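To keep things clear, I will list the structure first and then write my remarks on it.
Residue numbers (UniProt numbering): 1 to 268.
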């Protein structure tokens, strides 16, 4: 069957995505894949928790997850630089800190200089959690509870086949409420801004809190990319150095992920 050619992606100067949580049941891989097909940049920053290595007993991995990694690698082959910032859910990637794989760099934090000369500290953000939430046992317990609830939610959705797939379930609403409660207040924003100020930067770009934001309420720029479990947002920089939050388009119809990401031209 002939496939229509895909329109070229919108090109930004820099693109920042965080909290994809690939491998978890909460990850919306189809929406991530659709977004990456629609947007690109010479510098792509993956701002932590890209892979989710905490969810037991097995990762939730589909063709869409494979297609996301393949598409990112294709961007690198086309000349893009990929900056992988480690987070708490993919801390195992820190064994590669400081290493370079062609145009792929792995780091805990990195400085980004925008087109207007402003410098941003790019960091996942978990280092500024309240002390209690940084305990290993607490974070792992929360991750396992999240996995069990989302697994239950999937089973309930399969039983209600007539339910709108885009409609948020009671369990999803509960989990989003818990995330919001954990990020209550702005103390974590102030801690991250203070860290950027000590580094001599004009602002901070982070993820982790699943709460997209872009403001200067604390004296410097605070930019949170959001996530791909609940908010479906990313941060983009244009050629003038301006930052903006981009919301993903509506969830695509289920289909062959590889066929959509890498269409084969029709034979003559």
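C-beta atoms are modelled at their ideal positions from N, C-alpha and C, and glycine is treated no differently. Bear in mind the structure is a predicted one, so any value in this text is a computation, not a measurement.
Residue of the options minimising C-alpha distance to residue i
i	options	result
residue 33	89, 65, 41	65
residue 242	195, 227, 230, 203	203
residue 73	117, 25, 37	37
residue 87	113, 8, 207, 186	207
residue 195	235, 18, 121, 45	121
Whole-Å CB distance - residue i paired with residue j, under 8 Å assumed
i	j	result
residue 52	residue 89	5 Å
residue 276	residue 16	The question about residue 276 has no answer here: the residues shown for the chain are numbered 1 through 268.
residue 125	residue 192	6 Å
Straight-line gap, residue i to residue j (C-alpha atoms, nearest Å)
i	j	result
residue 71	residue 35	11 Å
residue 123	residue 6	33 Å
residue 92	residue 106	12 Å
residue 221	residue 43	20 Å
residue 10	residue 199	32 Å
residue 100	residue 82	10 Å
residue 76	residue 189	32 Å
residue 59	residue 20	14 Å
residue 111	residue 119	7 Å
residue 212	residue 41	20 Å
residue 26	residue 240	35 Å
residue 47	residue 209	12 Å
Beta strand (DSSP E) segment containing residue i, residue limits
i	result
residue 84	81–85
residue 43	43–47
residue 244	243–247
residue 14	14–17
residue 103	Segment: none, residue 103 is in no beta strand (DSSP E) and carries neither H nor E.
residue 204	203–206
Span of the alpha helix (DSSP H) around residue i
i	result
residue 96	No alpha helix (DSSP H) contains residue 96, which DSSP labels as neither H nor E.
residue 30	29–38
residue 118	Looking at the DSSP string, residue 118 is not in any alpha helix (DSSP H), and its letter there is neither H nor E.
Assigned exposure category for residue i - 16 Cβ within 10 Å defines buried
i	result
residue 97	exposed
residue 95	exposed
residue 115	exposed
residue 54	buried
residue 61	exposed
residue 244	exposed
residue 30	buried
residue 215	exposed
Proximity test, Cβ basis, 9 Å: residue i and chain D
i	result
residue 27	Within the model displayed, chain D is absent; a lone protein chain is all it includes.
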